[in-house]
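Just below is one structure, and these are the notes that go with it.
Protein chains: 2
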Amino acid sequence: MRTSYYRKLLAALATVTLTVAVARAQTDPLPSWNDGSAKIAIVNFVQGTTTPSGANFVPVEERIATFDQDGTLWTEHPVYTQLMYIFDRVPALVKADPKLATVEPYKTVMSRNMEAISKLTMPDLEKLAGATLSGMTLDEFHAQVGAWLAQAQDPRWHKHFTDLTYQPMKELMAYLRANGYKTYIVTGGGQDFVRTYADATYGVPPEQIVGSAGAVKYVYPNGGTPHLVKLPKMIVNDNDAGKPEAIQLLIGRRPYASVGNSTGDQQMLEYTKGGTGLRLSMIVLHDDAAREYAYGPATGLPDSKIGTFTQGLYDEAMRSGWIVISMKKDWKTIFSWE
Amino acid sequence: MRTSYYRKLLAALATVTLTVAVARAQTDPLPSWNDGSAKIAIVNFVQGTTTPSGANFVPVEERIATFDQDGTLWTEHPVYTQLMYIFDRVPALVKADPKLATVEPYKTVMSRNMEAISKLTMPDLEKLAGATLSGMTLDEFHAQVGAWLAQAQDPRWHKHFTDLTYQPMKELMAYLRANGYKTYIVTGGGQDFVRTYADATYGVPPEQIVGSAGAVKYVYPNGGTPHLVKLPKMIVNDNDAGKPEAIQLLIGRRPYASVGNSTGDQQMLEYTKGGTGLRLSMIVLHDDAAREYAYGPATGLPDSKIGTFTQGLYDEAMRSGWIVISMKKDWKTIFSWE
């Protein structure tokens, strides 16, 4: 009977659909995470905020997740990658203007004396940042950063910097996106610097990068098409309280989930957790010297100058119900090439 | 025979699919637009940038369209809606602090003498903006603006301001979105002001509003949860060259399509049209005094103080291949309630 055949066809299709759904549910979206409280908290958060009948359901358009970058999505030791870029640009500046070779702080950088370089002051670094990160068009800047990333290597593993991204965090971003979350990077690093590689590296497009931002100026070159030039003037300092403030400026919504790893992320994590309903604030603890680096309170080592995870921050995490992610215990894999 | 039946079923389904596709193709996505060069330019742009085999194909992630608001998406006469809001907030300020009633510029606003109000200087207006648009939390501000929009009416049609949005522009936004474009509002108006209603009114979410922005400050109230407070300090002036500059800050990509209506949009339209491939820059000419307002060069009237569409801008539009949208000729309907 035709009707019977049609029913069987529908039943067969339904079976296929069901099987796919079950297979999907059984595929671990976070294979690089060990079973433990961090992984459970993540899965509970995603299920809680995406179950339509649940008390903590969040409409898809409000699903915002924000991630710090340095020390949260990729390695920040021995120094921030952007700082390495700044130092590596100095020879090109000196070549273009040879008298800089005798002028500080260029002279120290050209000496390649790491001890002297590590003692450069904040005003020195700002001078170097201004000289290497501004004065060019956006297109020129992206080309310079892209060329550097394609060849530069880190001093420990001799990998490209974009290979020093944490596999578990990339899985977390993908898992959140698969559940309707828009993932943003909210970084103290340079917004235009991160925009150069974040889409290819993390799947985060330029319009979802919130970073420390220099001004740009719209200029009419002689006879040419108007374009934007980078100025040596910071207009967004995306650290500390600057993170929730920049989130308001660029996104205009309070995140439901945030991940950071230092005091520079404290206010973003507080702001996230301070919202109504189910919110997830997490902080990465660098406690794996063998596979990456160990610094911060859990290691008994003094706080690093950068990526500071202080005892006070740890205490706030405990008090406020933030999830502390132990790289050593929670991450099965740290880098994809391990 | 079962196989034959199955074939017939598939054929029937294919017919249904085809019919739907044909019906879709025949449904005009821009029913409020008259046939003419503006409508043709829009359809050609969308087809050109979304046809995968075409020379002007744009990957979906790069499809960015930016729209000015005042005079482009809704009526800006007799004064900007946000200015009406600012004036309407003054009585509440005076009630909270009665001595303001004798102090300028509050005294003039309280007089309801429109001639005197129209003569307020820019510093006066800035003082009023600071007093009415800052000092509160973001939540309080959105509540104040929302309550006002729910009751305030324009002086000519006695409609809510959100009803004075242009139906053809809403269709254009929807048409672009249906073709993978992300639509942004890029306005000289206040970013937080526009965010209050833009999602419900235009389908543009908070993170796609680029506006003139005041600073916010992350504060720890006594014993309460930290929150953001609006400060009387402008950090983004989203007018003129400030438009492409703010597009870079918030979006980080050059738009493929832009629509504006005044000299404040000139650089955004230039910047859009200055990109490679097929780009669409359009400018709304207010030439319909009967159905809306007439001002600017085509009307023979002197330029208005606000929403200035100068002869110079018109000449640049002609020279640069921008599409001039005549409200009178190109728009069948202006408002949805006509």
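Protein chains in written order, with the numbering used here: chain Y, 21 to 358; chain S, 21 to 358. Note that beta-carbon positions come from the ideal geometry of N, C-alpha and C, so glycine has one too.
Exposure of residue i, with buried meaning 16 or more beta-carbon neighbours within 10 Å
i, result
"I345 of chain Y", "buried"
"N242 of chain S", "exposed"
"N64 of chain Y", "exposed"
"T203 of chain S", "buried"
"M193 of chain S", "buried"
"W94 of chain Y", "buried"
"E290 of chain Y", "buried"
"M189 of chain S", "buried"
"K253 of chain S", "exposed"
"Y240 of chain S", "exposed"
"I60 of chain Y", "exposed"
"P72 of chain S", "exposed"
Three-state secondary structure (DSSP) of residue i
i, result
"S138 of chain Y", "helix"
"L264 of chain Y", "Residue identity differs from the one stated: residue 264 of chain Y is Pro in this sequence, not Leu. Helix, per DSSP."
"D144 of chain Y", "helix"
"I205 of chain S", "strand"
"G231 of chain Y", "strand"
"A310 of chain Y", "coil"
"W351 of chain S", "strand"
"V99 of chain Y", "coil"
"I271 of chain Y", "coil"
"V256 of chain Y", "strand"
"G316 of chain Y", "coil"
"G297 of chain S", "coil"
"W177 of chain S", "coil"
"G68 of chain S", "helix"
"L169 of chain Y", "helix"
"S324 of chain S", "For S324 of chain S, the predicted structure reports a pLDDT of 46, less than 50, and the residue's modelled location is therefore unreliable. A value from the coordinates is still provided. Three-state result, S324 of chain S: coil."
"V42 of chain S", "Low confidence applies here, because V42 of chain S scores a pLDDT of 49, under 50, leaving its location unreliable; read the following figure in that light. V42 of chain S falls in the helix class under three-state DSSP."
"V78 of chain S", "coil"
"F329 of chain Y", "coil"
"R109 of chain Y", "helix"
"M338 of chain S", "helix"
"D117 of chain Y", "coil"
"V123 of chain Y", "coil"
"R132 of chain S", "coil"
"K191 of chain Y", "Contrary to the premise, residue 191 of chain Y reads as Glu rather than Lys in this sequence. Three-state DSSP puts E191 of chain Y in a helix."
"G150 of chain S", "helix"
"E359 of chain Y", "One cannot answer for residue 359 of chain Y here, as it falls past the ends of chain Y, which runs 21 to 358."
"G223 of chain Y", "coil"
"D285 of chain S", "helix"
"T216 of chain S", "helix"
"T47 of chain Y", "coil"
Per DSSP, cross-strand counterpart(s) of residue i
i, result
"K237 of chain S", "S:V249"
"V304 of chain Y", "Y:I345"
"A85 of chain S", "S:T203, S:A277"
"T185 of chain Y", "Y:W94"
"T157 of chain S", "S:V249"
"G210 of chain Y", "Y:S232"
"W53 of chain Y", "Y:W351"
Check whether residue i and residue j have beta carbons under 8 Å apart
i, j, result
"V166 of chain S", "K250 of chain S", "According to the sequence provided, residue 166 of chain S is Gly. The question's Val does not apply to it. Going by C-beta atoms, G166 of chain S is not nearer than 8 Å to K250 of chain S."
"I205 of chain S", "Q228 of chain S", "yes"
"Y195 of chain Y", "V66 of chain Y", "yes"
"V230 of chain S", "I267 of chain S", "yes"
"M134 of chain Y", "P111 of chain Y", "no"
"N281 of chain Y", "D88 of chain Y", "yes"
"T101 of chain S", "F181 of chain S", "yes"
"G370 of chain Y", "P246 of chain S", "Outside the displayed range of chain Y (21 to 358) lies residue 370 of chain Y, so it cannot be described from this structure."
"A233 of chain S", "L269 of chain Y", "yes"
"V236 of chain Y", "E265 of chain S", "yes"
"T292 of chain S", "R274 of chain S", "yes"
"I271 of chain S", "L300 of chain S", "no"
"P125 of chain S", "L103 of chain S", "no"
Other residues of its chain near residue i: CB distance less than 7 Å, five sequence neighbours each side excluded
i, result
"A151 of chain S", "L113"
"Q173 of chain Y", "K179, H180"
"G349 of chain S", "According to the sequence as given, residue 349 of chain S is Lys; it is not Gly. Excluding residues within five positions, the ones whose Cβ falls inside 7 Å are N54, G56."
"Q287 of chain S", "D260, A261, K263, P264"
Contact set for residue i: own chain, Cβ-Cβ below 8 Å, skip 5 residues either direction
i, result
"I106 of chain Y", "L145, L148, A149, T152, L153"
"K325 of chain S", "Any reading at K325 of chain S must be qualified, since the residue scores a pLDDT of 46, below 50, and its modelled position is unreliable; no value is offered."
"A314 of chain Y", "H306, D307, D308, L321"
"R339 of chain Y", "none"
Residues of its chain near residue i, where Cβ-Cβ distance is below 6 Å and the 5 sequence neighbours each way are ignored
i, result
"R109 of chain S", "T152"
Check: residue i C-beta below 7 Å from any heavy atom of the ligand GDP
i, result
"F77 of chain Y", "Inclusion of the ligand GDP in the displayed structure is not the case, the ligand content being empty and no account of it being possible."
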